[in-house]
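A.B. asks: Per the UniProt record's numbering, the sequence shown runs over residues 1 to 702.
The structure's right below; bear with me while I get my questions together.
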Amino acid sequence: MMHERGCLAEREGQDHMEILAPAGGMEQLQAAVRSGADAVYFGAQLFNARRNAANFTDEEIPRAIAYCHARGVRVHMTLNTLVQDGEMDGVCRTLEQIARAGADAVIVQDLAVARLARQICPELKLHASTQMAVHNAAGLRLLEEIGFSRAVLARELSREEIGRLAAGTGLEVEVFVHGALCMSVSGQCYLSGMLGGRSGNRGLCAQPCRLDFKAGQRGYALSLKDLSLIGQMRLLEQLGVASLKIEGRMKRPEYVACATRACKQALEGEQPDLESLKAVFSRSGFTNGYFAAKRDLAMFGTRTREDVQQAGGVLGQIAATYRHEAKTVPVDMRLTVRDGASPELQAMGRGVRVCVQAQGEKPEKAVNRPLDEAQARQALEKTGGTPFYLRELHAQIEPGLRLPISALNSLRKAALEELETLLGQPPVREIIPLRLEKAPCARVEDGEGAPRLRIRLEKAEQLSQELVIAAERLILPLNELAAHPELLDALGDKLIGEIPMAVFPNDEERTAALLAALKRQGLAGAQAENLGALCMARELGLRVHGGYGLNILNSLALEEAGRLGVADQTISFEANLRDIRHLQRHVPCGAIAYGHLPLMTLRACPMQGARGCGDCDGRRALTDRKGEKFTVLCRERRYSQLLNGHVLSLADQQAQLQGLDFATLYFTLEDQQACRRALEDYLAGRMPQGQYTRGLYLRQLQ
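Shown next, in the form of structure tokens:
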């Protein structure tokens with residue numbers, strides 16, 4: 001058979017929001033595509049936030065992308081974890097591989113991965129993972145500057161906040177509409193890493209939040225119900241949302257199929273099967289608490305025995321819905337049958353044309369019933385086992401000729417196979433191979449002697465003359481500086497104003513105004529724990545000090561932070577000290593050497609009672625199943641943070657800190673006397689009394 005290949009045209013646009021479905025393996029991918037997904041997202045074996053899923057091998061990735069593209073479905077590949085210096089060459093190879101295979105976009109968390117993606121394949125679209133914790137307009141502005149085309153917003157936002165952000169940005173906005181809810185703002189959770197060495201930021205979250213943490217007598221205080229906004233599809237469209245994301249790369253294919261189909265039904269104005277959706281997987285039902293701005297106890301729930309039992313009754317029924325190919329790609333055919341010539345069939349679908357001829361098979365004079373268009377249509381519309389359906393047939397058949405039905409079947413089969421192959425071919429792109437076996441940026445000289453000391457305070461009342469004398473820099477929250485303007489007069493450039501870990505849209509204007517007012521009073525520097533804070537401080541002309549929340553773990557990300565305006569950087573406390581010392585330093589960097597480390601940033605407070613905040617003093621404790629206490633520290637009733645119950649101390653590790661530019665004593669719960677004592681212990685190389693932890697500084701992060 002002879003084949004002619006037409007030019008691969010641009011994919012057809014869509015006039016509705018994208019349904020983006022998860023795929024932890026090939027069966028889940030097929031379930032998503034056959035259930036109506038417009039796009040799927042999945043990961044390679046490494047560098048993705050669900051490393052415990054089956055994921056896709058190097059051999060499977062091109063086949064999976066071709067399978068999707070042939071059916072008009074886009075592919076977003078996940079490289080959404082933090083990476084270490086020794087992994088950069090592997091990241092480059094993975095980016096090159098997925099770009100060659102034709103992925104439509106790459107979802108990233110690490111600033112280094114974003115930079116490498118731009119260098120290796122400028123045409124590959126960059127999507128900012130929810131792990132980047134972008135939750136305000138300033139964060140979106142910085143993403144746009146970096147080169148992202150889409151942002152996956154934090155799950156904690158309300159409908160009013162989503163609408164405001166979508167209306168004010170040139171980026172596409174993607175939101176989660178169904179699936180598991182993390183307790184912490186994504187990317188700001190260190191609980192799994194600190195308790196067991198399995199970091200969520202590295203794709204290995206062990207979900208300790210699903211264990212029984214008690215708030216008084218109430219159990220499972222860190223476990224939220226699954227999110228479902230399937231009843232809010234039209235509202236999301238009105239808000240300007242571009243993509244509806246379903247969580248679940250660790251889930252079975254029946255879940256993927258059911259959630260995808262429910263989203264499609266809701267978008268098409270049909271009634272989705274919410275009962276089957278609840279049965280296939282839920283945690284005591286669903287919640288829309290964040291979206292509705294009702295962050296109360298109704299949001300919390302666990303996976304019960306009844307939930308598990310319900311699933312068994314619907315799995316077979318759901319599996320039947322995606323067992324066979326969905327006919328989603330229309331094909332127009334042109335059949336030409338002439339005396340003395342090989343029959344020819346052209347097939348055209350989504351801008352691609354193929355032409356096949358039946359070699360060695362020519363029509364004959366008909367003795368009885370000659371071939372007509374009706375017979376041809378009957379044979380050519382049998383497209384079972386393919387994603388195609390016959391839309392139009394143009395038949396040019398000379399009268400009086402006979403052609404075996406088997407010949408028509410062979411023509412159809414050959415044409416559709418060739419069409420599927422062409423539709424699945426990757427686009428022609430410029431790909432620039434890059435290897436980072438050597439240092440990616442110039443190294444500065446190691447600091448001599450002990451690192452300079454920084455002290456972070458929760459309250460101005462913790463401050464003492466001893467701390468002032470010992471500290472190169474003093475870091476205080478913005479509200480504390482506003483309440484104590486005399487500190488700016490007395491301490492001047494020594495002070496750094498700490499921008500809140502979470503500045504949700506309703507607080508963004510107020511926070512920017514407060515920061516500007518403090519600058520007018522003499523504040524010169526601000527501590528930024530996320531991209532939005534970095535952008536906010538930089539736009540006001542303040543010196544930017546990057547905090548641990550920026551999740552800088554490698555040399556290239558450190559260089560990128562410097563390029564974005566960071567003057568110095570506190571490295572993630574998920575790094576170990578050896579790796580920190582060996583970073584190729586584009587800007588000065590340091591580590592936290594003492595403190596109750598913040599393990600979660602929370603918008604749904606786990607300590608609330610039936611009456612909400614009630615008479616809470618803003619400092620309560622959760623108790624885990626071992627009896628360990630974890631303080632929940634409320635931040636002006638806007639968000640809260642879960643602190644590690646064991647204080648971190650590196651007081652006796654002075655040799656390990658050599659070469660760092662600075663070390664920070666991070667005070668939260670301590671009174672003034674305890675702060676002084678911790679300072680004395682640190683300077684004397686003496687460990688604190690009671691239980692303490694080294695964190696991950698002397699361990700190897702997984």
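Don't be surprised by glycine CBs; every beta carbon is placed ideally from N, CA and C.
Keep in mind it's a predicted model, so treat the numbers as computed, not measured.
(1) So Glu361 packs on Ile397, CB below 8 Å; how close in whole Å?
(2) Taking only the alpha-carbon atoms, compute the straight-line gap between Cys605 and Leu642 and give it to the nearest angstrom.
(3) Give every residue of the same chain whose Cβ lies closer than 8 Å to the Cβ of Arg699, excluding the five residues on either side of it in the sequence, and list them in chain order.
(4) Out of Gln462, Thr78 and Leu111, point me to the one whose CA is closest to Glu559's CA.
(5) Which residues in the same chain as Tyr697 place their Cβ atom closer than 6 Å to its Cβ, once the five residues preceding and following it in sequence are excluded?
(6) Determine the DSSP secondary structure at Ile246, reduced to helix, strand or coil.
(7) Compute the Euclidean distance between the alpha carbons of Pro122 and Pro426, then round it to the nearest angstrom.
(8) Distance check for Gly170 and Ala293, CA to CA, integer angstroms please.
(9) Which complete beta strand (DSSP E) runs does the region 463-495 hold, if anything under 3 residues is left out?
(10) For the beta strand (DSSP E) that residue 703 lies in, which residues bound it at each end?
(11) Alpha carbon to alpha carbon, how far is Leu235 from Asp568?
(12) Do three or more CB pairs link the region 651-669 to the region 235-255 at distances below 8 Å?
(13) Can you give me the Cβ contacts of Leu143 inside the same chain, cut-off strictly under 8 Å, excluding the 5 residues immediately before and after it?
(14) With distances taken Cα to Cα, identify the nearest neighbour of Ala513 among Ala490, Glu364, Leu540 and Met233.
(15) Comparing alpha-carbon positions, which option in Leu401, Leu411 and Glu392 lies nearest Ala358?
(16) Which class does Phe42 belong to by DSSP, given the choice of helix, strand or coil?
(17) With distance defined between alpha-carbon atoms, name the residue in Glu18, Asp89 and Thr601 nearest to Val185.
(18) Would you check if there are 3 or more beta carbon pairs closer than 8 Å linking the region 645-657 to the region 585-597?
(19) For Phe300 versus Ser223, is the C-beta spacing smaller than 9 Å?
(20) Tell me which same chain residues have a C-beta within less than 6 Å of the C-beta of Pro399, skipping the five on either side of it?
(21) Tell me, to the nearest whole angstrom, how far the beta carbon of Glu508 is from that of Asn136; I am working on the premise that it is less than 8 Å.
(22) Could you give the DSSP three-state label for Pro22: helix, strand or coil?
(23) Less than 8 Å between the CB atoms is what I'm expecting for Ile19 and Gly36, so what's the real figure, rounded?
(24) May I have the straight-line CA-CA distance separating Ala561 from Met536, to the nearest angstrom?
(25) Hey, is Thr287's beta-carbon within less than 9 Å of any beta-carbon in chain C?
(26) Helix, strand or coil for Pro598, going by three-state DSSP, please let me know.
(27) Quick one: any contact between the region 684-694 and the region 633-640, if contact means 3 or more CB pairs under 8 Å?
(28) Any idea which residues DSSP pairs Lys214 with across the strands?
(29) Can you tell me which of the three DSSP states Cys355 falls into?
(30) What does DSSP give as the partner residue(s) for Arg543 in the beta ladder?
(31) Are the Cβ atoms of Ile496 and Phe291 separated by less than 9 Å?
(32) Counting Cβ pairs, one atom from each stretch, are 3 or more of them under 8 Å apart for the region 447-462 and the region 422-436?
(33) For a quick check, are the C-beta atoms of Leu550 and Val566 less than 9 Å apart?
(34) List the endpoints of the continuous alpha helix (DSSP H) containing His69.
(35) Verify whether the separation of the beta carbon atoms of Val108 and Cys68 is less than 9 Å.
(36) Counting only the same chain and skipping the five closest in sequence on each side, list residues whose C-beta sits under 6 Å from that of Gln265.
C.D. replies: Concretely, from the data shown:
(1) The C-beta distance from Glu361 to Ile397 rounds to 15 Å, too long to meet the 8 Å contact threshold.
(2) So the two alpha carbons sit approximately 10 Å from each other.
(3) Sequence-distant Cβ neighbours of Arg699 in its own chain, meaning closer than 8 Å and more than five residues away, are Gly197 and Asn576.
(4) The shortest Cα separation from Glu559 among Gln462, Thr78 and Leu111 belongs to Leu111.
(5) Excluding sequence neighbours, Tyr697 sits near Asn576 and Leu577.
(6) Secondary structure at Ile246: strand, using DSSP grouped into helix, strand and coil.
(7) Computed Cα separation, rounded: 15 Å.
(8) So the alpha carbons of these two residues sit roughly 25 Å apart.
(9) Entirely contained in the region 463-495, the beta strand (DSSP E) runs reaching 3 residues are, in chain order, 473-477.
(10) Beyond the ends of the chain as shown, which are 1 and 702, falls residue 703; an answer cannot be given.
(11) Spanning the two alpha carbons is a distance of roughly 43 Å.
(12) Output reads no: the region 235-255 does not touch the region 651-669.
(13) For Leu143, where only same-chain residues beyond five positions count, the Cβ hits under 8 Å are Ala128, Met132, Val134, Ala151, Leu171 and Leu531.
(14) Comparing Cα positions, the closest option is Leu540.
(15) Measuring C-alpha to C-alpha distances from Ala358 to each of Leu401, Leu411 and Glu392 identifies Leu411 as the nearest.
(16) Collapsing the DSSP output to three states places Phe42 in a strand.
(17) For Val185, the nearest C-alpha among the options comes from Thr601.
(18) Taking 8 Å as the limit for Cβ pairs, the verdict is that the region 585-597 does touch the region 645-657.
(19) Yes, they are a contact pair.
(20) Taken in chain order, the list of residues that qualify is empty.
(21) Confirmed, Cβ separation roughly 5 Å.
(22) The answer is strand: DSSP assigns Pro22 an E or B state.
(23) Yes, Ile19 and Gly36 are in contact; Cβ-Cβ is about 6 Å, under 8 Å.
(24) Approximately 14 Å, taken between the alpha carbons.
(25) Absent from the structure: chain C. Only one protein chain is present.
(26) Looking at Pro598 - three-state DSSP - the assignment turns out to be strand.
(27) Counting Cβ pairs under 8 Å, fewer than three are found: no touch.
(28) Per DSSP, Thr623.
(29) Note: Cys355 maps to strand in three-state DSSP.
(30) According to DSSP, which records beta bridges pairwise, Arg543 is partnered with Gly525.
(31) Against a cut-off of 9 Å, the Cβ pair of Phe291 and Ile496 comes out as no contact.
(32) Fewer than three Cβ pairs drawn from the region 447-462 and the region 422-436 lie within less than 8 Å of each other, which leaves the two stretches out of contact.
(33) Result yes, Cβ atoms of Leu550 and Val566 sit closer than 9 Å.
(34) Looking at the DSSP string, the run of the alpha helix (DSSP H) that includes His69 is Glu60 to Ala70.
(35) When the beta-carbon positions are compared, Val108 and Cys68 stay at least 9 Å from each other.
(36) Around Gln265, the same chain offers Pro272 as residues with beta carbons nearer than 6 Å, after the five sequence neighbours per side are excluded.
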